[in-house]
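A quick write-up on the structure given underneath.
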Amino acid sequence: MKNHINLVSRREMSVVDKTLYFLMHYVRYILVITQLTVIAVLFFRFKIDQSIIDLKDSIDQKREIIKVFQPSFKEAEKVNTQLTDVQKIVNEQNLQNQSIEYIMSRFPQDVFLRRLARFLRRKTDSKT
Numbered sequence: 002m003k004n005h006i007n008l009v010s011r012r013e014m015s016v017v018d019k020t021l022y023f024l025m026h027y028v029r030y031i032l033v034i035t036q037l038t039v040i041a042v043l044f045f046r047f048k049i050d051q052s053i054i055d056l057k058d059s060i061d062q063k064r065e066i067i068k069v070f071q072p073s074f075k076e077a078e079k080v081n082t083q084l085t086d087v088q089k090i091v092n093e094q095n096l097q098n099q100s101i102e103y104i105m106s107r108f109p110q111d112v113f114l115r116r117l118a119r120f121l122r123r124k125t126d127s128k129t
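Numbering of the sequence shown is given in our numbering, commencing with residue 2 and proceeding in unit increments.
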């Protein structure tokens, strides 16, 4: 039994041979590229999902902070309104005090105002 192997001659490839050659040489690269793409998309999806979870957690934390500090905010608003009311009262009293000082500075020192003295005594008595 003799086998003849001729490496120089080329014979015509059939359709089955061409298909088999294509599958053996190129399809494996296509499969590898497809697998790499799927893995990349999977990691990207994990990254996006983790960022969504982190954002939801930060929103929940901020809501909890707002919920905890809500009574403090309300108390601060009350104190602020009380402070503005006190400031208005102090301004009114300063204006009255300046008016009385102006009147007293225009009168001679020898003249004593009895009614003004009574008025001032009533004001100080009503404050205490």
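C-beta atoms are modelled at their ideal positions from N, C-alpha and C, and glycine is treated no differently. None of these values were measured; they are calculated from a predicted model.
- In its own chain, leaving out the 5 sequence neighbours on each side, no residue places its CB closer than 8 Å to the CB of Met25.
- For Asn4, there is no enclosing alpha helix (DSSP H), since its DSSP letter is neither H nor E.
- Per DSSP, reduced to three states, the secondary structure at Glu65 is helical.
- Per DSSP, Phe108 lies in no alpha helix (DSSP H) segment and is marked neither H nor E.
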